[in-house]
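Enquirer:
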Amino acid sequence: MLQRFRHPWTDDRAERTLGAASLIVGVVVVAMVAFVAVHAWPTFAHDGLSWLGPGGNLKDQTEAMQATGAHAPASAYHLNAWPIVYGTLLSTALAVLLALPLAVFSSIFIVELAPRRLRAIAIPVIRLLASVPSVVYGLIGVLVLVPFVGNHIVSDSEKAKYASEVQLNGYSLIVTVAILAVMITPIMVALICEALASVPKTWREGAIALGLNPLRAILAVVVRAARPAIVAAAVLATARALGEAVMVYMVSGVNFWSPRPGDGVTFFFEPLRTLASTIVAFAEGASAPALRSALYAFALLLLFSSLALSVAGYLIKLPLRKYQVRA
Amino acid sequence: MNAFAPSKGDAGPPALRPASGHGRRSSPFSWRWIDRLALAWAWTAGLLLCLIAGAIVVYMGIRGIQYLRPALLAERPAVGASQSETGGFLDPLEGTGILTLIGILLATPLGVCSALWITEYGRPSWLARIVETSIEVVAGTPDIVIALPPLFTATRDGLQAVPKHMREAAYAIGKTRIATIRRVLLPSVRSNIATGVTLGVSRTIGDTAIVVLLLGLTLRSEPQGSVPGIGLLRGTGSTLTTYVFQNSPAGEGAAPQKAYAAAFVLLVFVLALNLVVGRIGRRQADELGLGAAGAIV
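Chains as they are written, first to last, in numbering that gives the first Met the number 0: chain R, 0 to 326; chain W, 0 to 296.
(1) How is W:P27 classed by DSSP in three states: helix, strand or coil?
(2) Relative to the C-alpha of R:V327, which residue among R:L314, R:L301, R:V124, R:S309 is closest?
(3) Roughly how many angstroms separate the alpha carbons of W:L239 and R:E193, rounded to a whole number?
(4) Where are the alpha helix (DSSP H) runs, 4 residues long or more, that stay fully inside the region 124-179 of chain W, in chain order?
(5) Within this structure, are the beta carbons of R:V298 and R:T184 separated by less than 7 Å?
(6) If W:F263 and W:L67 are in contact, beta carbons under 8 Å, what's the gap, nearest whole angstrom?
(7) Can you tell me which residues form a DSSP beta bridge with W:P69?
(8) Enumerate in chain order the residues of its own chain whose CB-to-CB distance from W:S247 is below 8 Å, with the five nearest sequence positions on each side excluded.
(9) May I ask which residues mark the beginning and end of the alpha helix (DSSP H) holding R:Y248?
(10) Examine the Cβ distances between the region 141-148 of chain R and the region 247-259 of chain R and report whether three or more of them are shorter than 8 Å.
(11) If I measure Cβ to Cβ from W:T241 and keep anything under 6 Å in the same chain, skipping five residues before and after, which residues do I get?
(12) W:V137 and R:V28 look like a contact to me (Cβ under 8 Å); what is the Cβ gap, rounded to whole Å?
(13) Beta-carbon within less than 8 Å of R:S304's beta-carbon, same chain only, minus the 5 sequence neighbours each way: which residues are those?
(14) Would you call the CB atoms of W:L71 and W:A249 closer than 7 Å?
(15) With three or more beta-carbon pairs closer than 8 Å as the criterion, would you say the region 266-286 of chain R touches the region 76-95 of chain R?
(16) Is W:L147 near W:G110, with beta carbons less than 7 Å apart?
(17) To which residues of the same chain is R:L51 closer than 7 Å at the C-beta, ignoring the five residues directly before and after it?
(18) Just to check my reading of the structure: R:V382 and R:A216 have Cβ atoms closer than 8 Å, yes? What is that Cβ distance to the nearest angstrom?
(19) Entirely within the region 263-303 of chain R and at least 4 residues each: give me those alpha helix (DSSP H) ranges in chain order.
(20) Kindly list the residues whose CB is nearer than 8 Å to the CB of W:D34, restricted to its own chain and excluding five residues on each side of it in sequence; keep chain order.
(21) What do you reckon, are the CB atoms on R:L179 and R:F268 nearer than 7 Å?
(22) Using CA atoms only, rank isn't needed, just tell me which of R:S163, R:A307, R:D155, R:G312 is closest to R:G169.
(23) Can you pull out the residues from the region 265-295 of chain R whose beta carbon lies closer than 8 Å to at least one beta carbon of chain W?
(24) Label R:N150 either buried or exposed according to how many other C-beta atoms from any shown protein chain fall within 10 Å of its C-beta, with 16 as the threshold for buried.
(25) Which chain R residues sit within Cβ distance under 7 Å of W:R282?
(26) Going by beta carbon distance, what residues of the same chain come within less than 7 Å of W:A114, once the five residues before and after it are set aside?
(27) Assuming W:T194 and W:I279 make a contact with CB atoms under 8 Å, what is their CB distance in whole Å?
(28) Between R:K158 and the rest of its own chain, which residues show a CB-CB distance below 7 Å, the 5 nearest in sequence each way excluded?
(29) Determine the direct distance from the alpha carbon of W:W30 to that of W:G20, and round the result to whole angstroms.
(30) When DSSP labels each residue in this structure, what does R:W256 get in the three-state scheme?
(31) Just verifying my parser: in three-state terms, what is the DSSP assignment at W:Q256?
(32) Quick one: which chain W residues come within Cβ less than 8 Å of R:I229?
(33) Using the Cα positions of W:T207 and W:G173, report the straight-line distance between them to the nearest angstrom.
(34) List, in order along the chain, the chain R residues whose C-beta lies closer than 7 Å to that of W:A44?
(35) Show which residues of chain R have a CB atom less than 9 Å away from the CB atom of W:W125.
This is how it looks when you write it as structure tokens:
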């Protein structure tokens with residue numbers, strides 16, 4: 000056996016073996032998506048895509064789902080998931096909007112401005128930020144930021160004003176968005192830095208020679224050339240923020256409230272729920288078939304958004320190749 | 000200031016003047032306010048990120064030293080009323096270890112093989128595209144992260160960075176593709192694979208959601224069946240991440256001190272792995288003469 004393995008492989012055999020290994024990977028992933036889709040089917044079968052829409056009370060609906068036994072009647076599949084879809088879109092959009100300027104300018108700082116020694120510190124530090132487990136972010140959020148916002152930022156009068164509808168105890172949109180932004184910034188920084196570094200130095204030098212000041216040259220030439228990579232980075236970071244489950248679950252509050260823009264500043268202090276964090280929330284109670292199917296439907300939605308976003312990220316980066324900039 | 004600014008009557012043709020100042024380097028103080036603002040913001044953003052990372056590490060370090068006792072590492076979790084009775088996190092530590100080991104043992108050959116196949120063979124190309132996209136989807140869905148995507152990506156990028164002429168030289172002296180892979184390509188992407196493995200380990204250690212969903216939310220490992228090894232694998236269990244999750248206010252919430260201690264251990268692992276990745280990356284950058292800017296994640 001060992002002898003056979005040591006014997007030089009023929010190319011054919013190597014190709015087949017390596018191909019089989021890749022095929023396993025592909026099949027596993029496709030099977031996973033198919034598995035989720037099959038389990039999500041009852042929800043889609045009951046009312047098509049309208050379960051994404053508003054109306055009804057999601058809290059009552061999930062409770063009703065849990066109350067039904069192993070053989071759920073068709074009515075138990077009724078679902079209006081808009082609050083959590085809205086929560087997902089809202090937190091993701093705000094986090095990406097907050098993270099984008101931070102990421103672009105810190106990439107400029109790292110690639111173009113930072114003195115050598117500072118850059119040598121900044122790169123590993125940002126890499127560290129990317130690899131802190133989300134549960135640690137969640138822990139810091141729930142034990143430090145949430146009490147801080149609840150006790151010091153939200154005033155008592157605000158709490159009293161909304162007490163009948165929602166408890167403003169610090170589990171809030173603003174904490175979720177802030178931590179999400181910190182979590183996705185390093186991913187963007189990595190991609191943007193790569194693109195900025197691969198723009199030929201001569202372009203920038205040419206711009207400076209034409210009379211632009213160094214920063215203007217960076218913004219007008221280097222950042223402009225790397226624009227597709229910046230958009231792609233934002234898209235990939237969006238995918239990451241959409242799927243973040245544990246951290247969001249820990250800091251965003253536990254009821255199905257959706258923050259109302261009409262409430263002014265209080266909007267940012269209201270709790271929310273997202274798709275991914277809902278899956279984690281019901282991880283243990285998902286024995287009721289109706290609820291389980293709903294959770295699989297959420298997962299399928301996330302998987303497809305992720306697929307769409309990663310394809311979009313790839314397509315957006317294509318124009319970069321035209322300039323021979325490899326990123 | 001600007002070479003294309005309208006010139007005063009007494010000035011010479013603008014093109015003959017030095018572009019900025021009188022041959023001096025342009026100082027930010029002579030720039031327009033918007034440029035100065037952008038410069039300040041770039042510095043702020045860069046330093047802010049470093050500051051946040053520093054604050055997290057320092058804060059967790061203080062909490063960790065405050066609450067971590069050696070006994071915690073050696074005791075099994077127990078049911079108790081107060082934080083002094085609930086034991087330590089030996090089981091979660093073991094859980095993390097076992098899970099990471101299995102994950103890496105499964106993912107390394109699969110990730111390296113698929114990366115090799117896609118970059119070196121990749122026929123039929125539609126199949127290669129499907130496999131590549133599916134791995135990217137798994138990677139993009141962060142909480143379904145397993146060790147595979149970072150491994151695959153690191154190896155693939157390493158292979159793509161190997162100059163074409165190295166392959167051509169090997170083919171020119173009559174080596175087959177697989178011989179080229181074994182003698183030329185694999186040795187030169189060894190450090191990429193090492194980076195991928197380390198990143199994979201750090202993802203696996205840090206992942207929570209998939210463990211919560213698949214392994215359940217118990218604190219002790221509860222083997223099923225009587226065969227020692229297999230029983231442990233079939234039963235429910237916990238890892239450091241689920242332990243932190245369960246002991247935080249989001250879980251049962253009784254023991255923030257335990258959560259801090261376990262999170263500190265987690266962070267130490269991740270930091271150590273990060274140092275390893277950095278070391279490998281730097282050596283590789285030295286060998287290949289590459290800039291370090293591209294090697295962040």
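Beta carbons: idealized from backbone N, C-alpha and C, even for Gly. Just so it is clear, the structure is predicted and the values come from calculations on it, not from any experiment.
Expert: This is what the structure holds:
(1) Reduced to three states, the DSSP call for W:P27 is helix.
(2) Limits of chain R in this structure are 0 at one end and 326 at the other, which puts residue 327 of chain R out of reach.
(3) The alpha-carbon atoms of W:L239 and R:E193 are separated by roughly 33 Å.
(4) Secondary structure within the region 124-179 of chain W: the alpha helix (DSSP H) runs of 4 or more consecutive residues, fully enclosed, are 124-139, 147-160, 163-171, 176-179 (chain order).
(5) It is worth fixing the name first, because residue 298 of chain R is Ala in this sequence and not Val. Result no, Cβ atoms of R:A298 and R:T184 do not sit closer than 7 Å.
(6) Sure, about 6 Å apart at Cβ, within 8 Å.
(7) In the DSSP secondary-structure assignment, W:P69 is not bridged to any residue.
(8) Contacts found: P255, A258.
(9) Run containing R:Y248: 245-250, per the alpha helix (DSSP H) assignment.
(10) The region 247-259 of chain R and the region 141-148 of chain R touch, with three or more beta-carbon pairs separated by less than 8 Å.
(11) So the list reads V210, V211, once near-sequence residues are dropped.
(12) That pair is a contact at about 6 Å.
(13) For R:S304, where only same-chain residues beyond five positions count, the Cβ hits under 8 Å are A238, L241.
(14) 7 Å or more divides the Cβ of W:L71 from the Cβ of W:A249.
(15) The region 266-286 of chain R makes contact with the region 76-95 of chain R; the number of CB pairs closer than 8 Å reaches 3 or more.
(16) Yes.
(17) Once the five neighbours on either side are set aside, the close Cβ partners of R:L51 are A80, W81, V84.
(18) As displayed, chain R neither begins before 0 nor continues past 326, which places residue 382 of chain R out of reach and without an answer.
(19) Complete alpha helix (DSSP H) runs here, min 4: 274-280.
(20) Excluding positions up to five away in sequence, the list reads P27.
(21) Not closer than 7 Å, so no.
(22) Comparing Cα-Cα distances from R:G169 to each of R:S163, R:A307, R:D155, R:G312, the minimum goes to R:D155.
(23) Of all residues in the region 265-295 of chain R, the ones placed with a Cβ closer than 8 Å to any Cβ belonging to chain W are A275, I278, V279, A282, E283, in chain order.
(24) With fewer than 16 Cβ atoms within 10 Å of its Cβ, R:N150 is classed as exposed.
(25) Within 7 Å Cβ-Cβ: nothing; W:R282 doesn't reach chain R, min ~14 Å.
(26) The answer, listed in chain order, is F151, T154, R155, L158.
(27) Contact between W:T194 and W:I279 holds: their C-beta atoms lie close to 5 Å from each other, under 8 Å.
(28) Contacts found: L167.
(29) Its pLDDT being 46, under 50, W:G20 is placed unreliably in this model, and the coordinates cannot settle the point.
(30) Coil at R:W256, not helix or strand.
(31) In the structure shown, W:Q256 sits in a helix (DSSP, three-state: H, G or I).
(32) What R:I229 touches in chain W: nothing, since even the nearest Cβ is about 14 Å away.
(33) A direct Cα-Cα distance of roughly 49 Å separates W:T207 from W:G173.
(34) Under the 7 Å cutoff, chain R gives L101, F104, S105, F108.
(35) Chain R residues near W:W125: none, gap ~11 Å exceeds 9 Å.
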